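Q: The sequence shown: position 283 = 283 (full-length UniProt numbering), numbered continuously. Please find one structure pasted underneath; my questions will follow.
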Amino acid sequence: MTGMKRSLLPLNVLRQEFPATQNYLYMDVANQGLISRTTRTSFDQHLDNRLHGDNDELPQLRDVEKTRARFAQFVGADKDEVAITKNASEGINIIANAIDWRPGDRVVLCPQLEHANNILPWLQVKALHNIELKVVEPDNGAMPVDAIVDAISSTTRVVAVSTATMVPGFRTMTKPIAEACRRFGAFLLADGTQSVGILHTDVAEMGLDGLAVSTVKGLMGLYGSGFLYCRRQWADRLNPAYLARFSVDLGNAPESAPILNAAKLRDGAPRFDVGHYNFPGMIAAYASMGQMLEIGTEAIDRHVTALAARLAAGLLDLGLPICGGAPGKHTGSIVAAGDVATLSGAKAAPPFVQELQNYLAKNKVLVSSRRGMLRFSLHLYNTEDQVDRVIDLTKNWLK
């Protein structure tokens with residue numbers, strides 16, 4: 001990172017805020033993000049209130065709206081374009097089941113690059129509504145943008161992609177896909193779990209109609225909470241498959257007011273809110289997003305991308321097969337070592353994947369393997385020194 005600091009936060013602050021970095025060299029945010037001390041202590045008061053029987057439900061409901069607004073700010077949306085969910089999977093399912101499907105409708109997706117939870121909902125929709133799944137193949141491990149655009153037609157209702165894939169972790173260039181979706185009136189839905197919080201995300205700039213996110217990875221929050229962005233023009237046209245008290249607008253009536261007739265749906269994406277909220281999850285998300293906004297999401301993106309490029313180049317110099325080859329526009333926060341043929345199951349994982357992972361673990365470097373590839377995933381607390389340490393360890397292992 002020529003001309004940039006070696007980390008976004010001073011080392012003493014990182015060690016204080018992320019104590020896990022004192023014990024491990026952590027490059028596994030794509031599996032589970034670290035939480036900061038600030039995030040960890042943010043919900044203590046709420047838990048104390050529960051412990052002592054102090055009912056803080058009403059102030060917590062007001063704070064949920066603050067968290068909704070903060071996530072909207074985080075991704076460049078409006079507050080009424082954000083629904084509160086329990087994870088990205090729920091967000092994807094919300095959209096999948098809110099479309100008024102007709103036989104012959106089409107969903108375009110690239111299953112080899114998607115997590116199962118961005119595949120299973122579409123298989124269910126196909127079974128229930130007799131739609132067509134238009135499957136496209138990866139482009140050397142990357143989302144095949146041209147093939148996706150070519151597959152979009154007047155019968156396409158949804159295009160499902162990931163903003164950054166689970167593996168190999170390349171960025172997805174969504175703009176050309178978005179332009180094709182707008183031409184044909186299709187909904188562009190993205191799974192942002194591997195990018196939001198790590199890579200700068202502006203839903204308008206990316207042309208997204210929907211973005212599903214969990215808080216446990218890049219947002220450095222808790223399990224069991226998430227967000228769904230749904231562009232206002234779409235949200236007001238969609239009908240939720242499930243309704244609960246927070247899905248409807250009862251004006252000033254209390255939460256417990258009886259509902260004897262059809263109620264008006266809330267405007268925008270909040271109509272997709274179902275049931276009560278995970279208050280600790282929302283408090284934690286508010287705290288972690290606040291820390292990241294202080295640093296700046298664009299600064300985090302530049303920092304992490306530069307580290308990933310440094311790592312990819314260093315491992316390539318050692319002769320390791322790095323997906324995507326030399327760093328470039330595809331580089332995000334994930335570096336994957338292995339053969340892209342393992343994505344489809346055409347090849348078994350090479351032995352080095354498990355062997356190198358074990359060696360790194362013995363040296364207190366935490367990474368993961370997915371679909372036959374060794375995956376290094378980075379966040380704001382990683383540094384150039386850590387990247388160089390991994391390269392040196394790999395060099396020693398190769399000897």
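Every residue, glycine too, gets a C-beta built ideally from N, C-alpha and C. None of the values given here were measured: they were computed from a predicted structure.
Given 8 Å as the limit, is there contact between the segment 215-231 and the segment 56-63, that is, 3 or more CB pairs closer than that?
A: no
Q: Starting from the N-terminal side, write out each stretch of the alpha helix (DSSP H) that is 4 residues or longer and does not extend beyond the segment 51-132.
A: 57-75, 88-96, 120-129
Q: Jot down the residue ranges of each uninterrupted beta strand (DSSP E) in the segment 207-272, minimum 3 residues, whole runs only, in chain order.
A: Segments of the beta strand (DSSP E) lying fully in the segment 207-272: 210-214, 226-230.
Q: Mapping the DSSP letters down to three states, classify Phe170 as helix, strand or coil.
A: DSSP places Phe170 outside both helix and strand once states are collapsed to three, so it counts as coil.
Q: How many Å lie between Gln32 and Lys217 at the Cα?
A: 5 Å
Q: Quick check: what's the CA-CA separation for Lys5 versus Arg370?
A: Any reading at Lys5 is ruled out, since the residue's pLDDT is 44, under 50, leaving its predicted position unreliable.
Q: Can you confirm whether the segment 269-277 touches the segment 289-303 when touching is taken to mean that 3 or more C-beta pairs between the two stretches lie within less than 8 Å?
A: no
Q: Quick one: using the 10 Å Cβ neighbour count with 16 as the cut-off for buried, is Asp317 buried or exposed?
A: That one is exposed.
Q: Excluding the 5 residues flanking Arg389 on each side, which residues of the same chain have their C-beta closer than 7 Å to its C-beta?
A: Leu25
Q: Can at least three beta-carbon pairs, one atom from the segment 71-82 and one from the segment 327-344, be found at a separation below 8 Å?
A: no
Q: Where does Tyr277 fall in DSSP's three states?
A: coil
Q: How far does the alpha helix (DSSP H) with Ile322 in it extend, from its first residue to its last?
A: Premise fails: Ile322 is in no alpha helix (DSSP H) and is neither H nor E.
Q: Tell me the DSSP secondary structure of residue 462 in three-state form.
A: Past the edges of the chain, shown from 1 to 399, lies residue 462, and the structure says nothing about it.
Q: For Tyr26, which three-state DSSP category applies?
A: strand
Q: Does the Cβ of Tyr242 have 16 or more other Cβ atoms within 10 Å, making it buried, or fewer, making it exposed?
A: exposed
Q: Which residue wins for smallest C-alpha separation from Thr41, given the options Ser256, Gly281, Ser214?
A: Gly281
Q: Using only alpha-carbon positions, find the residue among Asp100, Pro168, Arg157 that is nearest to Ala142.
A: Pro168
Q: Can you have a look at Arg231 and say buried or exposed, based on whether 16 or more other CB atoms are within 10 angstroms of its CB?
A: buried
Q: Grab me the residues of Pro103's own chain with a C-beta within less than 8 Å of its C-beta, minus the 5 sequence neighbours each way, in chain order.
A: His129, Asn130, Ile131
Q: Are the CB atoms of Gly207 and Leu188 within a distance shorter than 8 Å?
A: yes
Q: Got a sec, what are the start and stop residues for the alpha helix (DSSP H) Leu398 sits in?
A: 384-398
Q: What separation, rounded to the nearest whole angstrom, lies between the Cα atoms of Ala30 and Ser377?
A: 6 Å
Q: Please state the DSSP three-state secondary structure of Thr155.
A: coil
Q: With H, G and I counted as helix, E and B as strand and the rest as coil, what does DSSP make of Lys329?
A: coil
Q: I'd like the span of the alpha helix (DSSP H) that includes Ala361, first residue to last.
A: Where Ala361 is concerned, the enclosing alpha helix (DSSP H) stretches over 351-362.
Q: With a Cβ-Cβ cutoff of 8 Å, do Leu320 and Asn363 count as a contact?
A: no
Q: For Lys399, count neighbouring Cβ atoms within 10 angstroms of its own Cβ and tell me buried if that reaches 16, exposed if not.
A: exposed
Q: Between the beta-carbon of Tyr286 and the beta-carbon of Ile84, is there less than 8 Å?
A: no
Q: Mind reading off the beta-carbon distance from Val158 to Ile177? Whole number of angstroms is fine, and I expect it under 8 Å.
A: Incorrect: roughly 12 Å between the Cβ atoms, too far for contact.
Q: Taking all protein chains shown into account, decide if Lys134 is buried (16 or more other Cβ within 10 angstroms of its Cβ) or exposed.
A: buried
Q: Checking the sheet assignment: what are the DSSP bridge partners for Asp150?
A: DSSP, once it has assigned bridges, lists no residue as partnering Asp150.
Q: Under 8 Å between the Cβ atoms of Ala77 and Tyr229?
A: Yes, Cβ-Cβ distance for Ala77 and Tyr229 is below 8 Å.
Q: For the beta strand (DSSP E) that Ser42 lies in, which residues bound it at each end?
A: In the DSSP assignment, Ser42 falls outside any beta strand (DSSP E) and lies within the alpha helix (DSSP H) extending over 37-42.
Q: Can you say whether Ile259 is buried or exposed, counting buried as having 16 or more other CB atoms within 10 angstroms of its CB?
A: It counts as exposed.
Q: May I ask you to report which of helix, strand or coil DSSP gives Ala142?
A: strand
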